[in-house]
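For what it's worth, my numbering labels the leading residue of the sequence shown as 209, then goes sequentially.
In what follows, a structure is listed as structure tokens, so that the remarks can point back to it.
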Amino acid sequence: MEPLALLGMTELFSGLPPAHQNQLAQRLQRIEAAAGAVIVKQGDPGDALYLIESGRVAVLVRDENFGLDLEVARLGAGECFGEMALLTGEPRTATCSAIDPTVVHALRASVFQAVIGQAPAVAASLCAVLARRLSQQSREGGLSFVNLSHCRLDPAVYGLVPETVLRKHRLLPLTVVDGVLTVAAVDPTDSVGIDELRRFVRGLRVKPVAVSATDYERAVRTLGPARTSIAPAAAPQPRIGKIELVADEERPGQAAVPGPEIVELVTRLLSEGIALGASDIHIEPEREEVAVRFRVHGTLQKRAGTIPRSFHRGLVARIKVLGRMDISEQRIAQDGRISLAVDGRNVDLRVSSIPTKFGEKVVMRVLDAAAGILDLAQIILPDQLRQIVRQMFYRPNGVVLVTGPTGSGKSTTLYSALTSRLSPQIHAVTVEDPIEYHLPGVTQIQVRESAGMTFSSILRAVFRQDSDVVMVGETRDAETARLCFEAGITGHLVLTSLHTNDTVSAVLRLFEMGIQPFLLGNALVGVLHQRLVRRTCPSCAAPFEYHPQVIETLRVAGALPSGGAACLVRGQGCAACDKTGFRGRIAAFEVLVVSDAVRQLVCERAPVTEIRAAAAKGSFVSLASYSSFLLQKGLTVPPEVIVVLPSGSSGGTGIA
């Protein structure tokens, strides 16, 4: 292809006048690169822009956390790379290598400077295209960029959160409207800072917006004097509303308890659990009393005080009425759902009752719509890895699996993945049992096996309804699995979960479920495996020297590098974490992106050991490697990691 024709099909230069295109075309340097050859390397001087005439180029970013190169993009004919380095002269931020035999044309910085000296319109065109790209990325990322000089800064809103927290994370509360706190952040992806802020504004949803560091410092100086007259606001207390009163049924031999007392007791228990951030509320009958336990940050803790045994039946009846369950039936397990209004936001409770020796036990799973659906940036912390995972979720078709044991956060990741794709141009459908969170603009379907609405029967209908993205809560049987993978090769993107112990085991599990190798190999895009560990409390975390045997265990497992000092932390215990040293939980991931080599082995139904070896050579991050990242960032502690790592785990897996 002639250089002039190449410039005409490249976005950066297609709008230039012909005379300017001619000037550039005469100065392009043609380069042929063999498959696998590195064209530019991350860290090299930014001395040229490259236009691709033919072939494909992989853009790779080195992730020092995991010690491997992650592919973040693929470029083809008519595209270019190196434009930012050409303008700024700063070192390359990525490595670009040829996937196939590739021909590129280089525009050297010295030549470019000479041309724009004669034709400034060339530089103006380049800057305009880059500005459009930046604007598009901002829109796709869902983050707004604000100029604080155009915002009315309210000292009362600023006073909601301690200044030490705001300054530490460079956050600035702006407004509270309809239960949403808008917060300006220099780094809106700082999930630790946003989580710490949420502790002081419980009951409000938090919406981060981006702001420049200079703008932030200027605004804080403006607010400084007013700050001294504002007392720190108390965290809002949850308020439970929209719960019907119920006339509790008196039973022979049961001490009568006035209805209002039961109503008040249930409301108090729900309020306490939600205020603590509990994921589950347990009502447990014992011989002499009724015990109540809250699961907070993954650990059950008993509620202070006792509830008389005589209250048990009335307590259960009240909950079952609210959950639209049968209060007359106490011999079988039942499921229900309660919808609450808590300070203007919706909170659902998934209720389960089961008969036990001392009466019915009730467990309520708390599904907080405001706190439950997280952005991918809050779930997958390393930037480059998150971009790789986001690309899997943005594929037009195929199947992405999220695996892990019960209670490992699979649903949270699936919801996050789905919401990242939502737009008016996308028809998204969920098939769930039960529906955990209500998503505006999404067709959500509840499985009801008693009515013949099984996963498989619903999926057959859904795939005939012009759906783009389908989230299947769980792949439980062979028929559901087959339908998901058939849909994955016929134009649908399917997101679903599976119970396996790691990423590669998902392939074996699907073979066992009867999925044909060619179907599995061609439809599978990638697998995420996850485990939850407790997050170190950021308020009291401090360096801690662990026993040498603990360090050695981590090194053998691959969760710490061999040799050198290990700088680890431990929460000392403070008021913010109720003296536990932990605050919240965080996911540890294993990520497998299905490469061409892995796809070929799956299609051949090769042994799992061969598939695992091929995966380790591509975009693969092992659970041990990710755990190492969490440890070295001080986000968790060795005992948490040791529990979730499989026996015989090795950090060699997934590290290039």
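Just so it is clear, CB atoms sit at the ideal spot from N, CA and C, and this is done for glycine as well.
Backbone CA spacing between residue i and residue j [nearest angstrom]
i      : j      : result
Glu287 : Glu219 : 8 angstroms
Glu694 : Glu687 : 11 angstroms
Ala525 : Asp488 : 19 angstroms
Leu215 : Leu259 : 8 angstroms
Leu727 : Cys811 : 8 angstroms
His228 : Val248 : 26 angstroms
Arg743 : Phe790 : 6 angstroms
Ala783 : Gly401 : 18 angstroms
Ala814 : Val829 : 21 angstroms
Asp395 : Ala541 : 47 angstroms
Pro769 : Arg763 : 6 angstroms
Leu484 : Leu740 : 19 angstroms
Glu894 : Ala659 : Look at the range of the chain in this structure, 209 to 864, and you will see that residue 894 is not part of it.
Leu361 : Arg429 : 12 angstroms
Arg866 : Arg573 : The question about residue 866 has no answer here: the residues shown for the chain are numbered 209 through 864.
Val655 : Arg603 : 26 angstroms
Gly244 : Leu257 : 20 angstroms
Pro846 : Glu760 : 11 angstroms
Thr698 : Glu798 : 28 angstroms
Proximity winner among the options, relative to residue i (alpha-carbon distances)
i      : options                        : result
Gly481 : Glu371, Val471, Val474, Phe502 : Phe502
Ala322 : Ile581, Gln231, Leu268         : Gln231
Pro516 : Gly506, Val504, Ser222, Pro493 : Pro493
Ser616 : Gly660, Phe320, Thr708         : Thr708
Leu593 : Pro746, Phe837, Leu283, Pro725 : Phe837
Val385 : Arg539, Leu473, Asp551         : Asp551
Gly514 : Val650, Glu497, Ala242, His505 : Correcting the residue type first, residue 514 is Thr in the shown sequence and not Gly. Of the candidates Val650, Glu497, Ala242, His505, the one whose C-alpha sits nearest the C-alpha of Thr514 is Glu497.
Leu261 : Val851, Gly522, Arg603, Val311 : What sits at residue 261 in the sequence shown is Glu, not Leu. Checking every option, the nearest Cα to that of Glu261 belongs to Val311.
Val670 : Ala486, Ile653, Ala659         : Ile653
Leu809 : Asp786, Leu716, Glu798         : Leu716
Val354 : Ala421, Phe320, Glu298         : Ala421
Ser747 : Gly223, Val373, Glu291         : Val373
Other residues of its chain near residue i: CB distance less than 8 angstroms, five sequence neighbours each side excluded
i      : result
Leu575 : Val555, Asp556, Leu557, Arg558, Glu644, Tyr645
Arg807 : Gly729, Asn730, Leu732
Leu667 : Val639, Val678, Val680, Thr688, Leu691, Cys692, Ala695
Ala393 : His377, Arg378, Leu379, Leu380, Gly401, Ile402, Pro416, Val417, Ala418, Val419
Val391 : Leu379, Leu380, Pro381, Leu382, Ile402, Leu405, Val414, Lys415, Pro416, Val417
DSSP three-state assignment for residue i, whether helix, strand or coil
i      : result
Asp386 : coil
Met600 : helix
Gly216 : helix
Phe289 : strand
Ser487 : coil
Asp591 : helix
Gly606 : strand
Tyr645 : coil
Ser658 : helix
Pro846 : helix
Val474 : helix
Ala822 : helix
Val712 : helix
Arg739 : strand
Leu853 : coil
Asp403 : helix
Val802 : coil
Cys775 : coil
Asp423 : helix
Glu720 : helix
Thr303 : strand
Lys528 : helix
Cutoff 7 angstroms; reference residue i; Cβ partners in own chain excluding five residues on either side
i      : result
Asp403 : Gly792
Ala281 : Val267
Val712 : Leu800, Val816, Ile819, Arg820, Ala823
Nonlocal neighbours in the same chain, by C-beta distance under 6 angstroms from residue i, ignoring five residues either side
i      : result
Ala805 : Ala822
Val608 : Met600, Leu703, Val733, Gly734
Ser561 : Gln542, Glu568, Val570
Leu508 : Arg501
Ser913 : A question about residue 913 goes unanswered here, because the residues of the chain that appear run from 209 up to 864.
Ala714 : Leu609, Thr611, Leu706, Thr708, Val735
Residue i Cβ short of 7 angstroms to the ligand PLP heavy atom set
i      : result
Val851 : Among the components modelled here there is no ligand, and therefore nothing to report on the ligand PLP.
Are the region 625-641 and the region 748-768 touching, with three or more C-beta to C-beta distances below 8 angstroms? Counting C-beta pairs closer than 8 angstroms gives fewer than three between the region 625-641 and the region 748-768, which falls short of the contact rule.
Given 8 angstroms as the limit, is there contact between the region 309-319 and the region 233-244, that is, 3 or more CB pairs closer than that? Yes, they touch.
Touch check for the region 301-308 and the region 248-257: three-plus C-beta pairs under 8 angstroms? Three or more beta-carbon pairs drawn from the region 301-308 and the region 248-257 are found closer than 8 angstroms, and the two stretches are therefore classed as touching.
Would you call the region 642-662 and the region 584-591 touching, i.e. three or more CB-CB distances under 8 angstroms? No: fewer than three Cβ pairs fall under 8 angstroms.
Counting pairs of beta carbons, one from the region 838-851 and one from the region 762-782, are three or more of them closer than 8 angstroms? Judged by pairs of C-beta atoms under 8 angstroms, the region 838-851 touches the region 762-782, as three or more such pairs exist.
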